[in-house]
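One structure is given here, and the rest of the page talks about it.
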Amino acid sequence: MSNVRVRFAPSPTGFFHIGSARTALFNWLYARHTGGTFILRIEDTDQARNSEEFLNVIYDSLTWLGMTWDEGPKVGGAFGPYRQSERGDIYKEYLAKLTAAGRTYEKDGAIWFKLLGERSEVFDDHRKKIVTKVATAPTVIDDQIRGHVERVEDEDFVIFRSDGNPVFHFVNVVDDIAMQITHVIRGEDHLSNTSKHVELFKAFGAPVPAFAHIPLILKQNGPGKMSKRDQGALIEEYQKRGYLPEALVNFLSLLGWSPKDDREKMLIADIVALFDFPGINQSNARFDDKKLAHMNMAYLLELPADDFVVRALEYFEKQASPVTAVALAAEPTYLREVLLLSQPKIKSLEELPAYTAYFFTEDFVVDAKVRDKVMGKGEPKLRLAELTELLTTADFSSDTAIEEAIKALAAAKGLGFGDYQSVARLAVSGTNVGPSLTGLFRVLGRERVLARFSRLAAA
RNA sequence: GUCCCCAUCGUCUAGCCCGGUCAGGACGUCUCCCUUUCACGGAGAUAACCGGGGUUCGAAUCCCCGUGGGGACGCCA
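Under numbering that gives the first Met the number 0, the residue at position 97 of the first sequence is numbered 96, and the numbers go up by one with no gaps.
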């Protein structure tokens, strides 16, 4: 195990979104790549905005995405507690150090961090008030991704609110010191905060960790970074929609990072092996749900049969809709056959309930447009009659057996397979799309097929 | 407004650090092929170095200025 220690430090004040997941992922990847330690720390100092429910969303999402933490809530560790709401004594202790060093003062009931330098009053016309500026030298940030960045930190700032609670900048730095964090990997939106943090590290006489400010994820439509309210922003949404976590992780890893060759679909082990700071971009990335959907499909198609069935079943159970309930009530081996027949055809598990509905009920929807089109062309009823006669005795044991039989029939009549397909498909499924016709027959079974044939013939 | 970061196809990106390739891949879109519908797959097409200066024999690549995009300016995190 290396001495690299990174942390993901979310605050449970909202749902867990794509940007947070990506930050967590880059931290996790770096920890796994270096053989370091991945720490989960909950920044819940703003009691008004926190909730237990949001906390569970964080745990569930991280677990679902496969990002296990080595230290943190639930698993413990030598540097706990890992929830800031439980670290009050530590913060008081660190505050005493700063005060002893003469770096704090009280104003308006709050405790401020005092910068070193000459003071002067200036009117800030953006904020419309007089502020005290401190003549300081620029703070230097050596960023692993941005390089050398300088920013002037020239105003004292609050570290303890008048209600007695410490603020983000303070607890963030104190915990990074106390938890011996070596690399701070976070969104670029924190780059401007970093000068505050560096000044605090220096005031504590603590070593400054390496910083890596990663590019932001921008919303796909409209300006600005992606936020909780944006379409497709929430991790739990993908979980609900049956996306494969490994596909989402793979997609996310490519947002702002590249293995530098043309690989895109990669095993997580390969991503871990290749991931490092030089591969991280400096520019923001726009979220693209089409590419994510494509990635998801690629993973879905490659899933071994047993895995696919398990995931599909999980999805059906989670949906708990009338359609999925009926499917789940079906005979297990039949259900399995239906799912496997559909696997190569669908792009997402979301499509599955609608795609397979007619397997589980005789009362399936018939697409009127398709019906009119199919029944209005050629002699569909005659074809259906011929097929009925054939299938009454045909061998249903395999797709190829059925296929051979239909092809022989078609050949005898001087027709093609296609002449039988559209009407047969309409009869058994009410639509013009679906799995292979022969697979459909085999799984549905002779009785159902013939019953559905006669229903259409009588209509 | 001030400060900070960034800038290659519509999107994600490779190339940039260490100047010299028809600027490569993927998603999307379109065409064709495969085919038993719909997909998958295969072949192809489409499409980019933000602008202007400079350095240089030569700039996507180095420098400067513009412009554009993003972020931060809370007793939120």
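Where is the CB? At the ideal position from N, CA and C, for every residue including glycine.
Skipping 5 residues on each side, what residues in its chain have a beta carbon closer than 6 Å to that of residue i?
| i | result |
| --- | --- |
| Val365 | Gly429 |
| Ile344 | Reading the sequence as shown, one finds Lys at residue 344 and not Ile. Correct list, in chain order: Pro434. |
| Glu149 | Pro137 and Val139 |
| His25 | Here the sequence assigns Phe to residue 25, which means His is not the residue at that position. Cβ neighbours of Phe25 beyond the five flanking positions: Ile184 and Ile213. |
| Val248 | Leu64 |
| Phe78 | Met178 |
| Ala393 | Ala404 |
| Val322 | Pro352 and Ala356 |
On the premise that residue j lies in contact with residue i, defined as a C-beta separation below 8 Å, what is that separation, rounded to the nearest angstrom?
| i | j | result |
| --- | --- | --- |
| Thr22 | Val3 | Wrong, their Cβ atoms sit about 16 Å apart, outside the cutoff. |
| Leu339 | Phe315 | Wrong, their Cβ atoms sit about 14 Å apart, outside the cutoff. |
| Ile41 | Gln83 | 6 Å |
| Val166 | Tyr90 | Going by Cβ atoms, the distance from Val166 to Tyr90 rounds to 10 Å, so no, they are not a contact pair. |
| Leu443 | Phe358 | 7 Å |
| Lys264 | Ala297 | 6 Å |
| Val337 | Asn431 | About 19 Å; that fails the 8 Å criterion. |
| Gly231 | Asp288 | 5 Å |
| Leu114 | Asp155 | 6 Å |
| Arg240 | Glu349 | 5 Å |
Leaving out the 5 sequence neighbours to the left and right, which residues in its chain are closer than 8 Å to residue i when beta-carbon positions are compared?
| i | result |
| --- | --- |
| Ala202 | Leu97, Ala100, Arg102 and Phe112 |
| Lys227 | Gly13, Phe14, His16 and Leu233 |
| Leu327 | Leu312, Phe315, Glu316 and Leu334 |
| Glu385 | Leu408, Lys412 and Tyr419 |
| Gln318 | Pro352 |
Which residues in the same chain as residue i place their Cβ atom closer than 7 Å to its Cβ, once the five residues preceding and following it in sequence are excluded?
| i | result |
| --- | --- |
| Thr193 | Ile140 and Phe210 |
| Ala20 | Ser60, Leu64, Ile234 and Leu251 |
| Phe276 | Gln143, Ile144 and Ala211 |
| Asp43 | Ser10, Pro11, Asn49, Arg82, Gln83 and Ser84 |
| Val172 | His196, Leu199 and Phe200 |
| Ile57 | Pro9, Pro11 and Phe15 |
| Asn295 | Tyr242, Leu243, Ala246 and Ser347 |
Taking DSSP's pairing of strands, which residues face residue i in a bridge?
| i | result |
| --- | --- |
| Asp162 | Paired residue(s): none; Asp162 is not in a bridge. |
| Tyr104 | Trp111 |
| Asp142 | Gly146 and Phe210 |
| Glu70 | Ile38 |
| Phe156 | Phe112 |
| Pro284 | Contrary to the premise, residue 284 reads as Ala rather than Pro in this sequence. Ala284 is bridged to Ile216. |
| Gly75 | Gly71 |
| His16 | Leu233 |
May I ask you to report which of helix, strand or coil DSSP gives residue i?
| i | result |
| --- | --- |
| Glu378 | coil |
| Phe315 | helix |
| Thr131 | strand |
| Ala99 | helix |
| Ala8 | coil |
| Ser1 | coil |
| Ile279 | strand |
| Arg126 | coil |
| Arg82 | strand |
| Glu117 | coil |
| Gly65 | coil |
| Arg262 | coil |
| Leu247 | helix |
| Leu254 | coil |
| Leu233 | strand |
| Gly87 | helix |
| Pro321 | helix |
| Thr44 | coil |
Beta carbon of residue i: closer than 7 Å to some heavy atom of the ligand ADP?
| i | result |
| --- | --- |
| Ala23 | The ligand ADP is not part of this structure, which contains no ligands at all. |
Along the chain, which unbroken stretches of the beta strand (DSSP E) at least 3 residues long are found entirely within the segment 177-228?
-> Taking only runs of at least 3 residues, the beta strand (DSSP E) segments lying wholly in the segment 177-228 are 182-186 and 209-213.
What runs of the beta strand (DSSP E), each 3 residues or longer, lie entirely inside the segment 379-457?
-> DSSP runs (the beta strand (DSSP E)) wholly in the segment 379-457: none.
Within the segment 336-375, note down every full alpha helix (DSSP H) run reaching 4 residues or more, in order along the chain.
-> Inside the segment 336-375, DSSP marks whole alpha helix (DSSP H) runs of 4 or more residues at positions 351-355 and 367-374, from first to last along the chain.
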